[in-house]
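These notes concern the structure reproduced below.
Residue numbers (mature numbering (1 follows the signal peptide of the UniProt record, and there is no 0)): -20 to -1, 1 to 440.
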């Protein structure tokens, strides 16, 4: 009898897994109302002054896709402890005084939660602050880009595309423009020559964090993807109009981008961080596979990688998602993303989820991306000993020589792995000064490198 029940249970689990499909959901009106009391909501949620209210479970006030994990392949996470960040002391900015890493992380860096794992996936430390817990789906901002790069290299392995393919193969919107023949690989490396963007709306809050005067994205692109909500016009649900007028799909935006801008540099010449590069990757995944981005993630990445919970992506009325920053996931699953990389692309079952060559390229880089790093982007001035490859930053500490590869989101969303020993850290931040020198010092030098150094010392 017991064997029959076990068999039935396994059969039901298998059936559930096989039939699990992405589902699409409308915003939770109550959460929007709750945020409105603080002057926040879907229209302005990503403004830096509001991030401590809006980064946790942010999918709930958006239209979103629910992407299921696979219970059969989910990791059974074990908490073993061994690291207490309150016991790690750092020199304070006040001469002669010290401050605990706990205080740096929680107070100065506005970190909402973090997870530290060893290469086996055992949890060495984790904390949840500002009302979050292990089930909170944290918005990971541009750290999503690294997951999109995982997806496009899976798409290449599955035969949907080649990274040497020109973007024009998948985007007729760019036919006849200077963008048409640029290979996907250059968009993956942010070396496609994108500098100028369409003008944002006059009141747009994001400043310039890159070359030119346009920042890393313009307001029109996220608007058309449902980033700031949808509304009804003439009985139809559509994105809110922005500086370019009423655009309803990413295709509408891409037509304008392709015909009003041109590459400023030859492919591969310079690194310059612009979100539209990642949107080109997302477009290629969608059009080559016939799946939405969320459906591709569920089928090829989230159900295979050992992730322990469902994830979500914001979507517009056409179920399009911003490949550069619409994902929400638990802190533990955010760490598992880097754990896959630390283990050569294999999940905890030993299955090759990510192509090994992709992982190696992120770790080692190449002469082209290393030369491109210093030519235009301001990032070189903050971290000279780094490079950008396949939507990941790989950085070497200028003093200790420790090298890590990391995903990065603009408000302090980091997921990183140590090349030396495979230790992993994920951080869900709500830092109110996007990007820049202060965030790099607090998150990378004060927090991540300190923790990685401590773990390495403990192992010796």
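Here a beta-carbon is modelled for each residue, glycine too, at the ideal position from N, C-alpha and C. Quantities reported herein were computed from a predicted structural model and do not represent experimental measurements.
Query                                                                                                                                                                  : Result
Report the CB separation of residue 38 from residue 124 in whole angstroms; it is logged as a contact under 8 Å.                                                       : The pair is not a contact, with the Cβ atoms about 12 Å apart (cut-off 8 Å).
Between residue 412 and residue 29, is the Cβ-Cβ spacing less than 8 Å?                                                                                                : yes
Rounded to a whole number of angstroms, what is the C-alpha to C-alpha distance between residue 63 and residue 260?                                                    : 41 Å
The beta strand (DSSP E) with residue 384 in it runs from where to where?                                                                                              : 383 to 389
Using the beta-carbon count (16 or more within 10 Å), is residue 222 buried or exposed?                                                                                : buried
Contact between the stretch 349 to 362 and the stretch 233 to 250 is defined here as three or more beta-carbon pairs at a separation below 8 Å; is this criterion met? : yes
In terms of residues, what are the limits of the alpha helix (DSSP H) holding residue 324?                                                                             : Per DSSP, residue 324 belongs to no alpha helix (DSSP H) and is neither H nor E.
Under the three-state reduction of DSSP, which class applies to residue 417: helix, strand or coil?                                                                    : helix
Mind checking whether residue 158 and residue 144 have CB atoms under 8 Å apart?                                                                                       : no
Mapping the DSSP letters down to three states, classify residue 291 as helix, strand or coil.                                                                          : strand
Taking the beta carbon of residue 296 as the centre, do at least 16 other beta carbons fall within 10 Å, making it buried, or is it exposed?                           : buried
Excluding five sequence neighbours on each side, which residues of the same chain lie with their C-beta closer than 8 Å to the C-beta of residue 430?                  : 68, 70, 81
Determine the extent of the beta strand (DSSP E) in which residue 369 is found, giving its start and end residues.                                                     : 366 to 369
What distance in whole Å lies between the Cβ atoms of residue 399 and residue 343, which are believed to be in contact at a cut-off of 8 Å?                            : 6 Å
Among the residues of its own chain, which have a CB less than 7 Å from the CB of residue 339, if the five just before and after it don't count?                       : 321, 324, 325
Mapping DSSP to helix, strand and coil, what is residue 425?                                                                                                           : helix
Smallest Cα separation from residue 83: which of 101, 107, 371?                                                                                                        : 107
Which partner residues does residue 444 have in the DSSP bridge list?                                                                                                  : This structure does not reach residue 444, given that the chain is present from -20 up to 440, and the question cannot be answered.
Residue 290: buried (16+ other C-beta within 10 angstroms of its C-beta) or exposed?                                                                                   : buried
Let me know if residue 198 comes out buried or exposed under the rule of 16 or more other beta-carbons within 10 Å of its beta-carbon.                                 : buried
Please state the DSSP three-state secondary structure of residue 124.                                                                                                  : helix
Alpha carbon to alpha carbon, what distance is there between residue 47 and residue 292?                                                                               : 6 Å
Please state whether DSSP places residue 224 in a helix, a strand or coil.                                                                                             : coil
My output table needs one value for residue 68: the three-state DSSP class, helix, strand or coil.                                                                     : coil
Does the separation of the CB atoms of residue 273 and residue 285 fall below 8 Å?                                                                                     : no
With distances taken between CB atoms, is the gap from residue 150 to residue 264 smaller than 8 Å?                                                                    : yes
In whole angstroms, give me the CA-to-CA distance for residue 361 and residue 21.                                                                                      : 35 Å
Output the distance between the C-alpha atoms of residue 103 and residue 406, rounded to the nearest integer angstrom.                                                 : 11 Å
Whole angstroms are fine: how far does the CA of residue 51 sit from the CA of residue -14?                                                                            : For residue -14, the predicted model reports a pLDDT of 43, less than 50, meaning its position is unreliable; a value from the coordinates is still stated below. So the two alpha carbons sit approximately 16 Å from each other.
So which of 432, 195, 25, 303 has the shortest CA-CA distance to residue 371?                                                                                          : 303
In this structure, does DSSP put residue 42 in helix, strand or coil?                                                                                                  : coil
Evaluate contact between the stretch 310 to 317 and the stretch 93 to 100, counting only Cβ atoms and requiring at least three cross-stretch pairs below 8 Å.          : yes
Quick check on this structure: which residue in 391, 403, 332, 394 has the alpha carbon closest to the alpha carbon of residue 382?                                    : 403
Rounded to a whole number of angstroms, what is the C-alpha to C-alpha distance between residue 24 and residue 196?                                                    : 18 Å
Give the secondary structure of residue 338 by DSSP, where H, G and I count as helix, E and B as strand, and everything else as coil.                                  : helix
On the criterion of 16 or more Cβ atoms from any shown chain inside 10 Å, does residue 162 qualify as buried, or is it exposed?                                        : buried
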